[in-house]
Amino acid sequence: MSQLSPEDEVELQSLLKQLLRSINDRISAAPSTECAEEILLHLEETDKNFHNYEFVKYLRQHVESSLGTVVEDETKNLTRGDGQHTICSGHDTLIHAVTRKTRDSAEYQQMMQTLKNSMITAVESLISRFEEDQMRKEEMHREKQHSQSNSQYADNCSDSDSSFNQSYAFIRQEQLQALAEKLDSSRPKEVRWEALQALCCAPPSDVLSCESWSSIHESLCAALTDPDLSDNVLQFFAKSFSSSPLNVTREIYSSLAQSVESSFLSQKLNFPTGSASIDINRPEISRLLKQIRLMNDFQKEVTNFWIRHPEKYMEEVIESTFSLLSLHHEHGSASPGTDKALEPVHLLALLDVKATWFKKWMHGHYSRTVVLRLLERKYKSVIVAALQQCVHYSESCQRFTCDAADPGSAEQQNSSSAQRSVYTGQELEYVLFVHSLCVLGKLLIYTNGRKLFPIKVKKHKDSLSPGRLAMEVLWTLCERTECAAECLHQTPVIEALLAPVIALLDGRQAKLKSPAATLTLIADVLARIANTDRGLALFLYERNQVVAHSERTFAAHIIVQFTLRLLDEEPSWLSQSDPSRSLCGAFIFVCRQMYNTCEGLQVLRPYGLHKAVAAAWKKTSSLSERIPTPVPGATAGASTQELQNMLIWEETLLDSLLNFAATPKGLLLLQQTGAIAECVSYMFSRFTKKLQVSRCEKFGYGVMVTQVAAAAPGVAALHRSGFVRALVVELWSVLECGSEDVRVVRPRPTPMDPIDRSCLKSFLSLVNLLSSSHAAWELLGRQPLANKSEYSLREMPSSIPDLIDRLIAVNSDAKINSLFHYEQSHTFGLRLLSVLCCNLDSFLLLESQYNICSLLLQSQRDNVTEPDASGGEFIIDGLSVERNHVLVRVSVVGGPSERKLPPRALQQGEDPYPWPMFSGWPLPQCYTSEPPEVHQDSQDSEISAFLGSSEDSKDEDGWMENCRRLYCKAMTSEPNVATGEVLADLLEKVVVHLSNSSSECFFSPAQYKAEEQSVRSAVLSPVEQLGVNTCLRYGSALSLLKDDAEDELTLLMKHVKVFLSAQRVQTSSELVSQQDGYPGHDWLTSTVFLIMAGDVDRSLSLLLKLSSLLTSAFIWPARIHASVHVPAPVAQSGIPPVYWCTAHYVEMLLRAEVPLVHSAFRMSGFTPSQMCLHWLTQCFWNYLDWMEICRYVSTCVVMGPDYQVYLCVAIFKHLQPDILQRTQSQELQVFLKEEPIPGFSVSSYLPFMEELELSYRSVVLTDMESVRNPVQ
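Letter 270 of the sequence shown, counting from 1, is numbered 264 in the working numbering, and no numbers are missing.
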């Protein structure tokens, strides 16, 4: 290839031209020649199609043909010699050596010289052809100019397909100087036009950086006013905007804005009002519209890069825009039928109806600060004009006649047709109204934007709400908390929104053109307001609404009354075409934002909204069943549409009922409606589709599932709906199967965490589901394990017992061999077992049915170095460490300082696991801590003297008042006094005093005279017997019991069981937890037995008297279970008062007093009520030290049952730092269930609890007293 043939030269030119066309955009955008060269040099690194270009393929083929033989010879030379590389055995080193040798060869030098000569020839040929083409084009343009004088020129404005010419050239300074002279306004129009054509073909970077730019710029600005030249100027400006830095383009933009402003001032354009039309294709309007369009394009793009330039450049652009927009005229003087002045903002609104340019300017703090500063100091008239336009449009809406055009038709026609040139005056006013409304709405979002208000507007009226677009601004305001607090969460706003509702409730007509549509929009805004804390408080607690007879009431009461009326009857003020169900659903949704919170439900509960919604659902469900099913082939008539509407309405009502389950008390109300099963099935259908709860909810159904799973009827409904099966199958698919439809390109990494991240979500879902012992009883009670002799690899578990059988009770080779990932899956099961066993009742159920401890001990025995010998050592691996941890957890009872749980991780050093393992009882002593010594000094204490005094005041209230005062004093100043015998005496005296008081005796006094024979013949269940053993171990560790305490405790448990059995209702419930007495162990009875140091008589006497007090309904779950003292439907519900009352108010107080903890629970999908139910059911065993457990009981008895709520809130407050940290690491549930509560002292938090009493006792205690009739 020493010399190119003509054919080769043509081919090379073609390939080179093809390459340049492919990268034309990149080169054209380069601001200078040096940048263009840099782009070409690095093209292989930046262009993914580099190796597909034909020119590159040509070069590769040429190199291969020229150097292929050289490369092969050098490779053979370097690899020759005894089969080993003479250079190095490294492949990369060989390649470098061959490359170096090849580049030093003569063939390489010859190839480079030949290639260079060929390319120079091809490039010179291309350049010469390009210059000839350019001269030919100029000649053709010149001829066209002479032959078509006074004709319209081609439209090359900014809205053409491309702002760039398809060719690429460079221009010399001499040529630019000549163009500057030709562009002078004194030259003939033809000369100027030719100069503009040449200018548009030149690179903008060369033009903008030349010495003649100032004179060129001046000439371009003058040419903008010429109708025949302005389009060419706009074309050049468009190219400049897309390829030049801000320091240049801001100058062009400012001159363009000034030109537009001067044109509006000189021409004084008008447009007709009403239905008369204006054609924007009129030359004078079309020219301005193109210029403003180019400005608007620049406005929307400049935000992407102006932060990289000095602020003064940005400020110049913003000020030029506001200067143009401040050109406006008064609206008020114009009367119907007269023309109005056309302003720049009208055309800008036509191009950008939603003010996207302003939204982008206000988005970043960098530009927003400048925008607001300029508006405040110099251009407040822009805001005044926008607000005046809204008022003017509102007034003009009232003057529209029935046959007038729809003001929203402009937007509809814009969307339906590609181009439109004729607009009526009404449509132009409407577009400007939308633009102004969007600008004002964006200003109101920000604090400094709201400081620009209030603004006094001429002829201001109170009514300013023309349609849905105004609602969109309200919706936007609702989404910003701070903005909504200042703008919407105000009494006048709520009054305005509820005014038509109040009128309709009073029997008056609401002044609304379309009542159903308007009220639906009002309900939407009310729902968004109620979804915020401030808005909810405004609805619930502020008497800001005036109703009949000038009385003031709460907004929540008005809304729920109106909703009940819509549910109860068909409103007479609705026409037949209005969708009454949609309106009713909208207002139910407002109520839903209130009743899905604890405080909101507290206010709405007296209205019985749950009953009304349930009645409407049952009625709709029965009606939908009567509508005949469409027959295939039959004509789809009104019945099909009616059925569809019925089903939608039925789902709306079910969804509304389901949201009662967002709170503990709401779950009870939902259960009482009888629709819990259908609601849970509906929730499961949405849960599987991963749908949100509602448009106002940020999270899915996780929290609601957890709330439902806390109660027995909820778990049973989840099980029937298929939720539990789906959860188990999903877990198994992730844990054992993996994604079968994904091609495996590399083996799965071995999980480093005990629970792999892919399984964490399923693990937490199981923990949430099984957190409550009621859930364990419903899903595991009376369910044996399969224990098959053989499991197929395709056999998947479908229930919780199946999961335990396959992952936890892995006690055979068949089970081990059926797992693809034995260690990982079994570790998962042991971790799940550890969390389950934290709930003592759940552990007792597992142990009584499946002998969990025996299985774990046998596995430890098998995991030794010499299984057949007696002296084998334990093999320390992940599974043996997990089993050891679980065995210690279930065997040792105690608070944070009373037991030591072995860690699950190995340590560094010679002894990685210093904790002793065991395979039989008793377990090593190192896991039990010595009970802390309590220095009792009760002889001289005031509380001891008070209790020892024989004088019992006849003033019952006075005695209790003194007792509470001394108790609080002793707890805060000398807490060690209230321990041991003093504590036992205190409980006895207080319970005797309260049970003898007619005002304090809440339930009927206990009439218990059991015969010894009947008590002796009573049989404790396996769970109760295991509970007795657990209590005995704890009492022995605390040195509180004697050796013969087992018989005493068993006798006490039988007495209590006989006593409570006589006070339970006969139930026909299918719930497992409602059959055969109380499900679980009576932990309060065991606690009282330990407090009384094993004295059966004192313990029984205290419990019998305690049973008549209100406190017993909450601190003694076994006492109130299925009790005759509550209504039969509530007794048979399976939901204990400690859940629907205590836990309900804990959540309510957390939201107000410890909001960060409340938010953390919401984010985690867990609920505080689950933990409260867990703690309180087992009387804080394993979570607090013994003395704190005693103080919990005594505080609730002495200070009142509402202190149970305050104590739980205090514990969450104490745990707040840990809760926030564990929420971030997605281990909140496991932390709260597995870890004790270290450092918590009832005495330390008693002042905090007293503050809560002052604020909330009137609400909490009053609701606790309604335990005998909770759903009314």
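Using N, Cα and C, we set each Cβ at its ideal position, and we do this for glycine too.
| query | result |
| --- | --- |
| Find the nearest neighbour of Asn762 within the set Leu10, Met289, Phe1206, Val1224, judged by alpha-carbon distance. | Val1224 |
| Just list the alpha helix (DSSP H) runs in the segment 836 to 873, keeping only unbroken ones of 4 residues or longer that don't cross its boundaries, in chain order. | 846 to 856 |
| Measure from the alpha carbon of Trp1077 to the alpha carbon of each residue in Gln285, Val1050, Val1151, then state which is nearest. | Val1050 |
| Just to confirm before moving on: does the CB-CB distance between Val702 and Ala669 stay below 8 angstroms? | no |
| So, does the segment 603 to 610 touch the segment 514 to 526, judging by three or more C-beta pairs under 8 angstroms? | no |
| Quick one, which of Val65, Glu1018, Phe997 has its alpha-carbon nearest Ser99's? | Val65 |
| Which residues bound the alpha helix (DSSP H) around Thr63? | 48 to 73 |
| What did DSSP end up calling Leu250 once you bin it into helix, strand or coil? | helix |
| Between Glu936 and the ligand PLP, is there a pair consisting of the residue's CB and a ligand heavy atom that are separated by less than 7 angstroms? | For the ligand PLP, the structure offers nothing, since it holds no ligand at all. |
| Look at the alpha carbon of Lys348 and the alpha carbon of Leu341, and state the distance between them as a whole number of angstroms. | 13 angstroms |
| Provide the residue span of the alpha helix (DSSP H) that contains Ile286, from first to last. | 277 to 295 |
| Just to confirm the assignment: which complete alpha helix (DSSP H) runs, minimum length 4, are found wholly within the segment 638 to 695? | 658 to 667, 670 to 682 |
| How about Ser1067 and His768: do their beta carbons lie closer than 8 angstroms? | yes |
| Name the residue from Leu1034, Val1017, Ser1117 whose alpha carbon lies nearest to the alpha carbon of Phe1083. | Leu1034 |
| Rounded to whole angstroms, how far is the Cβ of Ala524 from the Cβ of Val584, which I believe are closer than 8 angstroms? | 6 angstroms |
| Does the Cβ of Pro1264 have 16 or more other Cβ atoms within 10 Å, making it buried, or fewer, making it exposed? | buried |
| Taking the DSSP output, what are the residues bridged to Val416? | Asp273 |
| Please list, in chain order, all residues of the same chain as Ser1106 whose beta carbon is under 8 angstroms from its beta carbon, the five residues on each side excluded. | Phe997, Leu1100, Arg1113, Ile1114 |
| Can you give me the Cβ contacts of Arg1251 inside the same chain, cut-off strictly under 6 angstroms, excluding the 5 residues immediately before and after it? | Asp1196 |
| Between which residues of its own chain and Cys957 is the CB-CB distance below 6 angstroms, once the five residues before and five after are set aside? | none |
| Have a look at the DSSP bridge pairing and note the partners of Ala335. | Asn264 |
| Can Ile1109 and Leu662 be called in contact, C-beta distance under 8 angstroms? | no |
| Where in the segment 1085 to 1115 do unbroken runs of the alpha helix (DSSP H), each at least 4 residues long, occur, reported from the N-terminal end onward? | 1090 to 1100, 1106 to 1109, 1111 to 1114 |
| What do you get for Phe235, buried or exposed, if any count of 16 or more other CB atoms within 10 angstroms of its CB means buried? | buried |
| Roughly how far, in whole angstroms, is the beta-carbon of Ser60 from the beta-carbon of Met113, given that I think they are within contact range, below 8 angstroms? | About 15 angstroms; that fails the 8 angstroms criterion. |
| What's the gap between the Cα of Ser410 and the Cα of Leu283? | Low local confidence applies: a pLDDT of 39 at Ser410 is under 50, so the model's placement there is unreliable, and no value is given. |
| Once the 5 residues before and after Glu405 are set aside, which same chain residues still bring their CB inside 6 angstroms of it? | Note that Glu405 has pLDDT 42, beneath the 50 cutoff, so the model's placement of it is unreliable and the number below is only indicative. Cβ neighbours of Glu405 beyond the five flanking positions: none. |
| So Thr1256 is in the alpha helix (DSSP H); what residue range does that whole segment cover? | 1236 to 1258 |
| Based on Cα-Cα distance, which residue from Leu1255, Arg367, Thr1136, Ile286 lies nearest to Pro1111? | Thr1136 |
| Pull the bridge partners of Cys995 from the DSSP assignment, please. | Leu1103 |
| Can you tell me the Cα-Cα spacing of Pro1149 and Leu801, whole angstroms? | 38 angstroms |
| Taking DSSP's pairing of strands, which residues face Phe548 in a bridge? | Arg537 |
| Going by the CB atoms, is the gap between Leu851 and Gly914 shorter than 8 angstroms? | yes |
| Going by CA-CA distance only, name the one from Lys95, Ala493, His357 that's closest to Arg502. | Ala493 |
| Are the CB atoms of Ala671 and Val597 within a distance shorter than 8 angstroms? | no |
| Where does the unbroken alpha helix (DSSP H) through Leu764 begin, and where does it stop? | Element bounds for Leu764: n/a, residue is neither H nor E. |
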